[in-house]
Amino acid sequence: MPEYRDTLQLPATDFAMKANLSQSEPKTLQRFTEMNFYDRVNSARANAPIFRFHDGPPYANGPIHVGHMVNKVLKDMVVRSRLLEGMRCPYTPGWDCHGLPIEHRVLTELSKKGKMKELDALPVNERRVAIRAACASDAVKFIQVQADGMKRLLTFADYEHPYRTLDHVYEGATLELFATLVEQDIVFRERKPVHWSIANRTALAEAELEYEDREDPSIWVDFEAADREAVAKVFGVELDSTPSFMIWTTTPWTLPANLAIAVGGAYNYSLVRIDGGESIIASDMVEKVSKAVGAQKVERLAETTGDKLVGLQYKHPFCDRVGKIIAAPHVTLEDGTGLVHTAPGHGEEDWRAGRKEGLEAYCPVRDNGTYDDTVPEWLRGVSIWEANKTILEHITKSGHLVHHLMFTHSYPHDWRSKTPVIFRATEQWFIGVDRKVKNSGRTIRELASEAVESKIEFVPEWGRNRMRGMIASRPDWCLSRQRSWGLPIPAFKLPDGSTFMTPASIRAVAKVMRERGSDAWFKLAPHELLAHYNSAQDAAAPKDFNSASLEKLFDIFDVWFEAGSSWHSVMQERGQGFPAELYLEGSDQHRGWFQLSLLLALASTGQPPFRRLVTHGFVVDKDGKKMSKSLGNTIDVENILKEFGADVCRWWVSGLAYETDIRMDLEFLKTAGEAYRKVRNTVRFLLSNLGDLPATTDWRGACKSVELESIDGWVLGELSRLEKVVREAYARFDFRAAHLALYAFCNETLSSMYCVAVKDRLYCDQPDSHRRRRSQIAMRACAETLCRLLAPIMAHTADEIYRSMNAGDVSVHEQTYLNIQYQAHADWTKVMDARAAALKALEEAKARGVENTLDAGLVMPDADGTLSKFAHDFADICGVSRATFDQTASAVQVIDLRQAPRCERSRRRDESVCMRSDGGLLSQRDFDAVTTFKTLHPVST
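One gets my numbering by counting positions in the sequence shown from 1 and adding 20 to each.
Laid out in structure tokens, this is it:
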């Protein structure tokens, strides 16, 4: 029997079946580096429309983790999809370099090395400078570590010119923004309660808190009235004993700071006898309180309103002072007794209520969490956490404790030390969210609320509600921190003890910091820092100003102020434009970078710094648990890149419903790897059949003339639809929709349908047959389009595909969408329905022994003659040897062709198969192809 294998056009390509991503991706990365690819792309598009996308700065404190990977890949898909639209998308990566986490780690390392004694022996300012130098070195080290990790993810960014909050220019620009805010009369210094980290002895902002469950005592305490007769008069009764005002608290340690008890003026309050003792409780809470404290006998004696209680006095349970009843708007009847223990030095609402009543923000707790000497002797020097038990024992003995129990609740913790924080009154710098901005005459809260409602697009939309609620409830922003590693707040103390800081003085210091960095604050004298300041030209300067008499203050900025200034210190400073089209970060940034950037931009420019906010969830383990080293459920990014490669990781990220928390497990990456290989091998099939398509072929132009009724016309129509779907998905940041559409096209449209249908003609037709060339043109269009559509996701693989088809030093990431516009014949829907019916009939025919579809023929019902227009391809799309159409038939008929002769070259049982002169059974098509081959490749004798 003749051998015909050599006469076939078998697939061949240099595009490898096995990707070997862990070896090949670094080579691609190296190639892009040598090409100076970022600058090359942006320079070529100098006049293109610009998409302004601003990177939120990750913290420079360790290698990248899976959360970084998700964030950076999502951002990179945005950048690369905009490049495909023909836009210029400058993307400057940034790092947050100052702050407590770095300082904490550095001090821990110094302690391990036994260097803390040496450090502590230094004068205070020298100690600060030494700590700052160590912190700077640490931050720079991890910036490089993280940058290398991000590059390995194949992200397209200006890594040669990143922004770092420790850079001199950034620090100077940030101070200049601060000067503008001071001009707007919204910056102030005041003693008020702030979140305080005892472990790190510094104030914290809302964005630096994490909420964890904690068990605390829940206590009900009686505060004895100071004047029995005054209480009797208010309730209109005669009293034989002195009643008490019952409060409820979960922070017994704040009782030494109690200065008032707050009531709701409009609420009703009852004088109640509970198990023999008389207490005052909100009327609506009597039943709930009685049940909570386990009261056996409860009797209501009289009732009055809260406004009539105001002004009554009570004796503190263990401090030698008298407090008073006040009215306050924060009193509710949801929990407690309706009477709120008020310590103005230990709570924002307490402070507001106390300030209205002229009460001091009394705080007997020192920065290390122990009581000072203003409390009773038995509490002095005691830790507040130990004091909970001590106070409980004391008020039990004194008879003031009504009831207590332990309960678990969500409590704020320091994000770095993981220890509980407290409210503690200290003198700090603030931005007042309810102070009117001079330029607009409106408060920052009002401006932010308006922006959230009408000036910002949220993806997902629920982000709007989240941000709305946070803006409505947020307190003034505490700007100052009591640490060494950060940007100093450029304030001085005058000889009279008052503070000196004006917009002009801030700008003068900013100029010095642009030149010498923030270390200048610790190394230069006040007059040197103010070398560019002219008090004579500053209307805000104090009389007889003398810079030599100033004393520097050493509070530093909240790192969120520095990060939140990036729209100014990077985008405006570098001429990248304002506002940004997009900020994209984790959902925690609604209260962090998103919100604080918004507040700063609105206060200084009146505009939001972004038009759109896209948020993604947190990465958790497969069971939905937070990833942490202590739980042993973390996944190392470096290891998964070695095992799976960046493109598989990127493919996994693209398929996520990223709006919610993201479950992560190695099995998920294995599944992603299988899907990646399916896509890769599908494209490889396309490429392997393009080898003999002449390089001069105008495949783009030829697409326009592909017959509508051909299978190639059908696939071009599907390709056109795919491009539209994917482009729209990328435009709305719906990467999952793009992912699903691309996979379905590769797996179903191509692999399961089109590639199977055209395989026979590709292998067996004469090389230059019309229909073979037509299929090659369609396949080239598919491959060229797919590599572009895949480029935002599979950055390396898409480029590999493109370079396998195009010679020279080229890259798919320099290309734009092909914009294939092809409308297939409308009747293809009917053809596909007929195919489905045929495949069902063929499946049923297996029971009769016709297991190979090439051993079958089809007779298709075609009442209106629609299918006959597609007769030339119908047998191929069904995988059978023959297909005919019958206008009178009512059902698909499968013809058993097993007895018909089979072509020894194509394995088809075509009507034209017969014995040929060489002794082989060939169809006419195959005989012609063999004859042509022998003519072109004569056998020498």
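Cβ coordinates follow ideal geometry from the N, Cα and C atoms, glycine included.
Here the structure is a predicted model, which means the values were calculated and not measured.
Give me the DSSP bridge partner(s) of residue i.
i: TYR183; result: GLY114
i: PHE688; result: Note: PHE688 sits in no beta bridge, so no partner.
i: CYS934; result: LEU942
i: ALA282; result: ILE346 and VAL360
i: PRO237; result: MET426
i: GLN333; result: LYS344
i: GLY297; result: ILE294
i: HIS215; result: LEU224 and PHE443
i: GLU323; result: SER290
i: HIS957; result: None, per the DSSP bridge assignment.
i: PHE208; result: PHE450
i: ARG683; result: VAL640
How would you write the range of the beta strand (DSSP E) that residue i sits in, first residue to last?
i: GLN913; result: 913-916
i: HIS636; result: 630-636
i: PHE71; result: PHE71 -> no beta strand (DSSP E), and no H or E assigned at all.
i: ALA876; result: 876-881
Could you tell me the alpha carbon to alpha carbon distance between residue i and residue j, rounded to whole angstroms?
i: ALA861; j: ARG781; result: 25 Å
i: PRO523; j: PHE198; result: 8 Å
i: PRO272; j: SER264; result: 18 Å
i: SER290; j: ALA280; result: 19 Å
i: HIS957; j: GLN166; result: 58 Å
i: THR961; j: THR955; result: Confidence at THR961 is low in this model, with a pLDDT of 40, below 50, so its placement is unreliable and no value can be given for it.
i: SER795; j: LEU838; result: 18 Å
i: PRO562; j: ILE267; result: 48 Å
i: ILE655; j: ASP578; result: 31 Å
i: SER910; j: ALA854; result: 12 Å
i: GLY378; j: ALA363; result: 13 Å
i: VAL950; j: LYS779; result: 17 Å
i: ALA568; j: GLY114; result: 38 Å
i: THR410; j: LYS161; result: 47 Å
i: SER555; j: ILE509; result: 19 Å
i: LYS690; j: ILE660; result: 10 Å
i: MET89; j: ASP496; result: 34 Å
i: PRO963; j: TRP482; result: The structure shown does not extend to residue 963, since the chain is modelled only from 21 to 961, so the question has no answer here.
i: TYR822; j: GLU601; result: 30 Å
i: ASN826; j: SER708; result: 14 Å
i: HIS350; j: ALA492; result: 15 Å
Residue i lies in the alpha helix (DSSP H); which residues open and close that run?
i: GLY169; result: 144-172
i: THR48; result: 41-54
i: GLU535; result: 523-536
i: PHE890; result: Premise fails: PHE890 is in no alpha helix (DSSP H) and is neither H nor E.
i: LEU94; result: 86-104
i: TRP268; result: That residue, TRP268, is in no alpha helix (DSSP H); its beta strand (DSSP E) goes 264-269.
For residue i, which option in the options has the closest C-alpha, if you only look at C-alpha atoms?
i: HIS759; options: VAL745, LEU770 and SER771; result: VAL745
i: ARG902; options: ALA909, LEU917 and ALA911; result: LEU917
i: LEU915; options: GLU377, GLU258 and ASP875; result: According to the sequence provided, residue 915 is Ile. The question's Leu does not apply to it. It is ASP875 whose Cα lies nearest to the Cα of ILE915.
i: ASN220; options: TYR231, ARG501, ILE491 and ASP685; result: ARG501
i: LEU321; options: VAL254, GLY314 and VAL351; result: VAL254
i: ASN459; options: ARG386, THR390, CYS383 and SER624; result: SER624
i: ARG752; options: ARG465, LEU130, LEU604 and ASP205; result: LEU604
i: GLY644; options: LEU620, MET684, ASP116 and GLY626; result: MET684
i: THR390; options: ALA373, ASN408 and GLU380; result: ASN408
i: SER926; options: GLU738, TYR783 and ALA468; result: TYR783
Take the Cβ of residue i as the centre, count every other Cβ of all protein chains shown within 10 Å, and call the residue buried at 16 or more, exposed below.
i: PHE427; result: exposed
i: THR222; result: buried
i: HIS790; result: exposed
i: ARG148; result: buried
i: MET136; result: exposed
i: LEU706; result: buried
i: ASP946; result: buried
i: GLU748; result: exposed
i: LYS38; result: exposed
i: GLN316; result: exposed
i: ALA381; result: buried
Checking contacts by CB at 7 Å: is residue i closer than that to chain D?
i: TYR678; result: Here chain D cannot be found, since the structure has a single protein chain.
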